[in-house]
Structures are given as C-alpha cells and as structure tokens.
Amino acid sequence: MACRSRLAPAIRAASAPKLLRPAAATAATTPISNPTPSTGTVRCLSSTPARRIRTTQARRAGPAATKFTTDSYPEIKRDPKFAEITAEDVAYFKELLGGGGSAVLDGVTQELAADDVEPYNGDWMRKYRGHCKLVLKPGSTEEVSKILKYCNDRKLAVVPQGGNTGLVGGSVPVFDEIVVSTSRMNQVRFFDDVSGVLVVDAGVVLEVADQFLAEKGYIFPLDLGAKGSCHVGGNVATNAGGLRLLRYGSLHGSVLGIEAVLPDGTILNDLSRLRKDNTGYDLKQLFIGGEGTIGMITAVSIHCPQRPKAVNVAFLGVDSYDKLLVAFREAKAQLGEILSAFEMMDSPSQELLHAVRPEAKRPLDSGPYPFYCLIETSGSNADHDAEKLGQFLEHVLEKEVVADGVLAQDETQLRALWAQREGIPEVSNHAGGVYKYDVSLPLRDLYRLVDDTRQRLRDAGLAGASIDDESFPVVDVLGYGHMGDSNLHLNVAVRRYDKAVERCLEPFVYEWIAGVQGSISAEHGLGLAKKNYIGYSQTATKIGLMRQLKQLYDPNGIMNPYKYV
Numbered sequence: 001m002a003c004r005s006r007l008a009p010a011i012r013a014a015s016a017p018k019l020l021r022p023a024a025a026t027a028a029t030t031p032i033s034n035p036t037p038s039t040g041t042v043r044c045l046s047s048t049p050a051r052r053i054r055t056t057q058a059r060r061a062g063p064a065a066t067k068f069t070t071d072s073y074p075e076i077k078r079d080p081k082f083a084e085i086t087a088e089d090v091a092y093f094k095e096l097l098g099g100g101g102s103a104v105l106d107g108v109t110q111e112l113a114a115d116d117v118e119p120y121n122g123d124w125m126r127k128y129r130g131h132c133k134l135v136l137k138p139g140s141t142e143e144v145s146k147i148l149k150y151c152n153d154r155k156l157a158v159v160p161q162g163g164n165t166g167l168v169g170g171s172v173p174v175f176d177e178i179v180v181s182t183s184r185m186n187q188v189r190f191f192d193d194v195s196g197v198l199v200v201d202a203g204v205v206l207e208v209a210d211q212f213l214a215e216k217g218y219i220f221p222l223d224l225g226a227k228g229s230c231h232v233g234g235n236v237a238t239n240a241g242g243l244r245l246l247r248y249g250s251l252h253g254s255v256l257g258i259e260a261v262l263p264d265g266t267i268l269n270d271l272s273r274l275r276k277d278n279t280g281y282d283l284k285q286l287f288i289g290g291e292g293t294i295g296m297i298t299a300v301s302i303h304c305p306q307r308p309k310a311v312n313v314a315f316l317g318v319d320s321y322d323k324l325l326v327a328f329r330e331a332k333a334q335l336g337e338i339l340s341a342f343e344m345m346d347s348p349s350q351e352l353l354h355a356v357r358p359e360a361k362r363p364l365d366s367g368p369y370p371f372y373c374l375i376e377t378s379g380s381n382a383d384h385d386a387e388k389l390g391q392f393l394e395h396v397l398e399k400e401v402v403a404d405g406v407l408a409q410d411e412t413q414l415r416a417l418w419a420q421r422e423g424i425p426e427v428s429n430h431a432g433g434v435y436k437y438d439v440s441l442p443l444r445d446l447y448r449l450v451d452d453t454r455q456r457l458r459d460a461g462l463a464g465a466s467i468d469d470e471s472f473p474v475v476d477v478l479g480y481g482h483m484g485d486s487n488l489h490l491n492v493a494v495r496r497y498d499k500a501v502e503r504c505l506e507p508f509v510y511e512w513i514a515g516v517q518g519s520i521s522a523e524h525g526l527g528l529a530k531k532n533y534i535g536y537s538q539t540a541t542k543i544g545l546m547r548q549l550k551q552l553y554d555p556n557g558i559m560n561p562y563k564y565v
C-alpha cells in the first residue's frame, strides 16, 4: 500500500496541463504503489522480455490475399435486380467527376492495378473482400446527388465508404457494387468559437478535425484508435462510440444536424446549428448508425466541448474482476465530473501486445496481473484534478482494491500508457486474423463471456493453453473495452480464418449475450457480420419497422445491400 507522503509528490508532478493522445513511448512514469528499493520515486517502464508472435504469409501479402467474401460465404447470392456496370455508365461518371482521372478508379473498361482498387475492396481485418471494379470520389454534395440518382435509375448497387476502418464488413462491397468514397469531401465548412458548433464535410479525417479544434481550444467529442484514418461521416453513419463516451456521450446526443443524399438524389439539408429544435420528427437520428443503408451522409454539424486544460492518466494492476468493479465504482464516486475514461484490459491482451511488440516497455515492474485499467481525468483546474485523483488513488491502494500502478507525468508518458490500450486491436489481428465481438453487457456479467468463450474453444480443441502453440488456429481470447459504458471487446485472435472456429463462436456468443439481455453490437454496428443475428438483440416488431424504413427510403435497395437488416 502507498502512503500519502509518497503519493503527493507524484500527483503534483502529473498535474501540469497536457494534451490528450496516445502513442508508444518508453519514458519513465511515477509509481503510485510501494516503490521498489531504488533511489527516488520514479521508475522506468519495465523491459521484461516478451515473446514474438509470427505473422502469417497471408497477413504479410496484404488484402489481395484475402478470400473473397463470396467464397467465404457462398450462401450470399448477388441480387439479380441489380444491373451490371457498362462502359456507358463509366463514361457518365468520368464526365461528371472529371478530376483528371483521380476521381474515378475504372477497372471496368481498362486494366487497373490491383493496388489501386484493393484498399476499397478489403476490410482492415482481412476478413471481407469484394469484387468492386469502379470507385467514385465525388468532391461535393451535388456530385453525390447526381451519382446516386443515376445509380438508382439504373439499379446499380452502391457502397458509401469513408476511411474504411469498420470492423463488421459494412464499408466494403460484397459483389460488384460501386464504391462511393468521401475522401475528396474534406473541408471544414463552419466553426463558432463561442458555441463550439462545428460543420464539416463527411470526408474530414477525425484526427484532422480534432487538430483544427485544438487550435481553437475545443475538442471533438469522439476519440478512436483509428482517428488517423476514419472519416467523420463514417463515424456518424456507424454511431461510433470510442474511448471517451463516458465523458461526452454518444453521437446521438452531440450531432446537431446532418446533410445527406437519399438514393433518388434528393438532398436532405438538415445542418442545424441549434442544440434545441423540437419541431417534428428528428430525422437525423435515422442516419446516425444507419450505416449508409438509407442514404449517404455528406456533412455533419456537431457540438464540440471545450478542450480540457489538465489531463492525467493512471495505469493500474488489479488482482480480480470483482476488484476492478470496485475500482470503477470508486472512480465514479470520487472523480465524478473529471473522469473521462475508464478502460479495462485483461492479462491475455497485454501479454499478446508485448509478444507482438517486444520493444515496448511494460508500465508495471510488478505483475503480471489478471486485469489492468487505464483511468483518465480531464478538467480545467490542474491542482483540483490532481488532488481528487490523488485521494482516489490513495484510497484504492490502501483498501487493496488496486495492487500496483503508475501515473503519467508528461505527454510522452501519457501516450505510452494509452498505447497499452489502443495497441490491442492491431496486435489481435497480427498473427493472421481476428474474430471481433463488440458487445454491451451488464457490468457484472461482462468478463464471464471472455472466460466462457475461451473455455469453449479449448474444449473444442481449437485453442491451446499457450499463445506459442502454433498447432491450434486460435492464438488466444482477449477481453478489453470501455467499462465506463459496459462495452466489451471480445477478440478471438487467430492464425487463420477457420470455419470450425466461426461455427464454435456463432451463434454461441450471440446466444450468451441474449441470455443476459445484452446487445450484440455496442458501437461497431451490424454490417455484414451481424445482419443475420440482429434478432438476438431486437424484437421482430422493431426489425419489421426497420425494414419498412429501408423500403421507404430506398425502394430499389441500392444502398449498401446485403447488410444491416
């Protein structure tokens, strides 16, 4: 246990204003538990050697090595109502978009290097791959309108695509759908430095939007590990949750308005800048999380809070899940309004992280621990925040809720600690692939799903007791996520995608979730991966209403077919 005389200097050292954000680093951090016998109160991140996990040949070969979705799921058939793309269609789009050829990637009428189109066909997990041969990059809402009207008249299927960082196959084609990319729609349209209202094109990269706001003293109310690639329009279309939903809430609350194009080319201009507008149906909510199935978002109006002046991050080791629940309860009670993130990670996720990245330093010299948590506070008064955080840390250490921990003293250390959490999704996919389940569960049941899934795979002879045993398709089962909003990321890291593994996992995982009245999708959406399983979370009545809305807005079904509902 730590005494206040050791804690106080550490907290004061960490109280200076810092910028948010993570990235790997190896700087020293301040221990908040009993220090190891050494000089001073600062110790270096551990350099404990880690094992390497080998990358498969398919993983190294890139997206072109990924099996086509139609081969992996032969039961999915191309809808015969959709027309084939012709040379006349391509000529129309080239005349419309111009752009010296950069706005149209044409693999229909000419040979196209695979590298040009493959990024639009394949997903980040190397699990889904379409047959698209035509990618369109409109530069304005008007061009999107003309594209969709033409496609609707011709019954050409369309897939709206932003940064293509989705994890459920929702942003990539299945067959030969036309990809309509928002990459050229990347302008900031408006910002009010009094109200904090920001209006941006759908193709603005999340990190770029946040950097723009940082210069004005504001922050984007969404933060994701994929922030350097994902587009704001895609974030809204999938209702992305992210790392700080605990503090800023969901996009259903922060988005003030949208501009979208319906399948028939109609432009819906609902870019309200008002926080209150109680006049009729709130139509924008249908597009937030609609995954591009009823229209394509082209711009977003969003309320952005002021940027915190003081940010602190602590990384803690915990001996059990029950104690982790106590730590979260105490964090809410004692940190209250300054608590901005409470992230949970299990030991397998951290062990895999350091096996894949042996050069990375471990934050704690002690351990390993069954669980870890990352706690972030952000506020406007550094001294006030440091005092509250210090009291909280002292309390959980003295009560033996937490076994050990470190506290970042500067931005470099802050990034290093965040990297322990944000690096997990990437390393889980390192060996060859990953089955991802993004779910909402009652907090007391949250980690039981990880234990039960791991045991089921071992009982089936698909996973071993060690990540080093390459005779099994499963590397390990990882559990991490946002405890602040009961969101578990269950990741099954595999050396290769394997139908035996998939059959073992599905529908088992979804049945388990339904049994505790959880949701099969917390923030990633439905896409192709979960379309057939929506009944585990929604009633037949609700699903029927969703399908009626789809039919109303998109009677020809051209928008992102084969997915959602």
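Residue numbers for the sequence shown follow the UniProt record's numbering, beginning at 1 and rising by one.
Note that beta-carbon positions come from the ideal geometry of N, C-alpha and C, so glycine has one too.
* Asked: How many Å lie between R448 and L283 at the Cα?
  -> For the purposes of this step, residue 448 is taken as residue 448 along the sequence shown, with counting starting at 1. For the purposes of this step, residue 283 is taken as residue 283 along the sequence shown, with counting starting at 1. Between the alpha carbons of R448 and L283 lies a distance of about 38 Å.
* Expressed to the nearest angstrom, what Euclidean distance is found between the alpha-carbon atoms of Q57 and R495? -> Translated into positions along the sequence shown, residue 57 becomes position 57. Translated into positions along the sequence shown, residue 495 becomes position 495. Below a pLDDT of 50, predicted positions are generally treated as unreliable, and Q57, at 49, falls in that range; the measurement from the model is reported next regardless. Between the alpha carbons of Q57 and R495 lies a distance of about 10 Å.
* To do: Indicate whether D270 and I258 have their beta-carbon atoms separated by less than 9 Å.
  => Walking along the sequence shown from the start, residue 270 turns up at place 270. Walking along the sequence shown from the start, residue 258 turns up at place 258. Contact: yes.
* Asked: On the three-state DSSP scale, how would you describe F342?
  -> Translated into the one-based positions of the sequence shown, residue 342 becomes position 342. Shown here, F342 sits in a strand according to DSSP, grouped into three states.
* Asked: Are the region 345-359 and the region 293-307 touching, with three or more C-beta to C-beta distances below 8 Å?
  -> Touching, no.
* Got a sec: is the Cβ-Cβ distance from A500 to anything in chain B below 9 Å? -> The question asks about chain B, but that chain is absent: this structure has only one protein chain.
* **Element boundaries [alpha helix (DSSP H), containing H252]** => Here residue 252 refers to the residue found at position 252 of the sequence shown. In this chain, the alpha helix (DSSP H) harbouring H252 covers L251 to S254.
* Could you please give me the residues that DSSP links to A131 through a beta bridge? => In the sequence shown, residue 131 corresponds to position 131, counting from 1. What sits at residue 131 in the sequence shown is His, not Ala. According to DSSP, which records beta bridges pairwise, H131 is partnered with nothing at all.
* How big is the Cα-Cα spacing for A103 and G196? -> Within the sequence shown, the letter at position 103 stands for residue 103. Within the sequence shown, the letter at position 196 stands for residue 196. When rounded, the separation of the alpha-carbon atoms in A103 and G196 is 33 Å.
* Asked: Roughly how many whole angstroms lie between the Cα atoms of V208 and H489?
  -> Position 208 of the sequence shown, counted from the first residue, corresponds to residue 208. Position 489 of the sequence shown, counted from the first residue, corresponds to residue 489. Using only the alpha carbons, I get a separation of about 26 Å.
* Asked: Roughly how many whole angstroms lie between the Cα atoms of R547 and N532?
  -> Here residue 547 corresponds to residue number 547 of the sequence shown, with the count starting at 1. Here residue 532 corresponds to residue number 532 of the sequence shown, with the count starting at 1. Cα to Cα, the separation comes out at about 13 Å.
* **Proximity to H524 [Cα-Cα], best of I288, G101 and G544** => Position 524 of the sequence shown, counted from the first residue, corresponds to residue 524. Per the C-alpha coordinates, the member of I288, G101 and G544 positioned closest to H524 is I288.
* Leaving out five residues before and five after G139 in sequence, what residues of the same chain have Cβ atoms less than 6 Å from its Cβ? -> One-based indexing of the sequence shown puts residue 139 at position 139. Taking G139 as the centre and dropping the five residues before and after it, the same chain places the C-beta of R184 closer than 6 Å to its C-beta, in chain order.
* Complete runs of the beta strand (DSSP E) confined to the region 299-376 [at least 3 residues] -> With a minimum length of 3 residues, the continuous beta strand (DSSP E) runs that stay inside the region 299-376 are 310-318 and 339-346.
* Per-residue DSSP class, three states only, for K388 -> For the purposes of this step, residue 388 is identified with residue 388 of the sequence shown, where counting begins at 1. Three-state DSSP puts K388 in a helix.
* Asked: By Cβ distance, which residues of its chain are closer than 6 Å to K137, with the 5 residues on each side in sequence left out?
  -> Start at 1 with the first residue of the sequence shown, and residue 137 comes out as number 137. Within the same chain, and ignoring the five residues on either side of K137 in sequence, the residues whose Cβ sits closer than 6 Å to its Cβ are A103, S181, S183 and R184.
* **M296 (DSSP reduced to helix, strand or coil)** => Here residue 296 refers to the residue found at position 296 of the sequence shown. Secondary structure at M296: strand, using DSSP grouped into helix, strand and coil.
* Enumerate in chain order the residues of its own chain whose CB-to-CB distance from D554 is below 6 Å, with the five nearest sequence positions on each side excluded. => As a first step, residue 554 must be located in the sequence shown, where it is residue number 554. So the list reads P263 and I294, once near-sequence residues are dropped.
* Asked: DSSP on N560, reduced to helix/strand/coil?
  -> Taking the sequence shown and counting its residues from 1, the one referred to as residue 560 is at position 560. Under the three-state reduction of DSSP output, N560 falls in the coil class, being neither helix nor strand.
* Could you tell me how far apart the beta carbons of residue 566 and G169 are, in whole angstroms, since I believe they sit closer than 8 Å? => The structure shown does not extend to residue 566, since the chain is modelled only from 1 to 565, so the question has no answer here.
* Asked: Taking buried to mean at least 16 other C-beta atoms within 10 Å of its own C-beta, is F328 buried or exposed?
  -> The count along the sequence shown starts at 1 and reaches residue 328 at position 328. Buried, because 16 or more other Cβ atoms sit within 10 Å of the Cβ of F328.
* Return the Cβ separation of L246 and C230 in integer angstroms, given the expectation that the two are a contact with Cβ distance under 8 Å. => Residue mapping note: residue 246 aligns to position 246 of the sequence shown, counting from 1. Residue mapping note: residue 230 aligns to position 230 of the sequence shown, counting from 1. At roughly 20 Å, the Cβ-Cβ gap does not stay under 8 Å, so L246 and C230 are not in contact.
* Closest by CA to D319, which one among K81, S347, K146 and R307? -> Stepping through the sequence shown from its first residue, residue 319 is reached at position 319. Of K81, S347, K146 and R307, the residue nearest in Cα terms is S347.
* Asked: So, using beta-carbon positions, are A237 and G292 closer together than 9 Å?
  -> Taking the first residue of the sequence shown as 1, we reach residue 237 at position 237. Taking the first residue of the sequence shown as 1, we reach residue 292 at position 292. A contact, by the Cβ cut-off of 9 Å.
* Asked: Which stretch, first to last residue, makes up the beta strand (DSSP E) that contains Y480?
  -> Stepping through the sequence shown from its first residue, residue 480 is reached at position 480. For Y480, the uninterrupted beta strand (DSSP E) run begins and ends at V474 to H482, by DSSP.
* Asked: Unbroken beta strand (DSSP E) runs of length 3 or more, entirely within the region 74-138: which are they?
  -> DSSP runs (the beta strand (DSSP E)) wholly in the region 74-138: 104-106 and 134-136.
* To do: Can you give me the Cβ contacts of A157 inside the same chain, cut-off strictly under 6 Å, excluding the 5 residues immediately before and after it?
  => Counting from 1 along the sequence shown, the entry for residue 157 is found at position 157. If the five residues before and after A157 are omitted, its C-beta is found closer than 6 Å to the C-beta atoms of F82, E177, I558 and P561, all from its own chain and listed in chain order.
* Asked: Quick one: any contact between the region 533-552 and the region 471-480, if contact means 3 or more CB pairs under 8 Å?
  -> Cβ pair count under 8 Å is below three, so no.
* Report the residue from A341, P358 and A403 whose alpha carbon sits nearest the alpha carbon of L374. => Numbered from 1 along the sequence shown, position 374 holds the residue referred to as residue 374. The option with the nearest alpha carbon to L374 is A341.
* What are the partner residues of A463, as DSSP defines its beta bridges? -> Within the sequence shown, residue 463 is the residue found at index 463, counting from 1. DSSP output for A463 lists V474 as bridge partner(s).
* Following the continuous alpha helix (DSSP H) through A237, name the residue where it begins and the one where it ends. => Position 237 of the sequence shown, counting from 1, holds the residue named residue 237. Taken as a continuous stretch (DSSP letters only), the alpha helix (DSSP H) holding A237 covers V232 to A237.
* Note down, in chain order, each residue of its chain lying with its Cβ closer than 6 Å to the Cβ of C151, except the 5 sequence neighbours on either side. => Position 151 of the sequence shown, counting from 1, holds the residue named residue 151. Hits under 6 Å: V158 and I558.
* To do: For F212, name the three-state secondary structure that DSSP assigns.
  => If you number the sequence shown from 1, residue 212 lands on position 212. The answer is helix: DSSP assigns F212 an H, G or I state.
* Can you list, in chain order, the residues of its chain whose CB lies under 8 Å from that of V565, leaving out five sequence neighbours each side? -> As a first step, residue 565 must be located in the sequence shown, where it is residue number 565. T293, L526, K531, I534, I543, M546, R547 and K550.
* Asked: With respect to the beta strand (DSSP E) encompassing R154, which residues constitute its N-terminal and C-terminal limits?
  -> Counting from 1 along the sequence shown, the entry for residue 154 is found at position 154. That residue, R154, is in no beta strand (DSSP E); its alpha helix (DSSP H) goes T141 to R154.
* A240 versus E359, R129 and H482, residue with shortest Cα-Cα distance -> By one-based count along the sequence shown, residue 240 stands at place 240. Considering only alpha carbons, the answer is H482.
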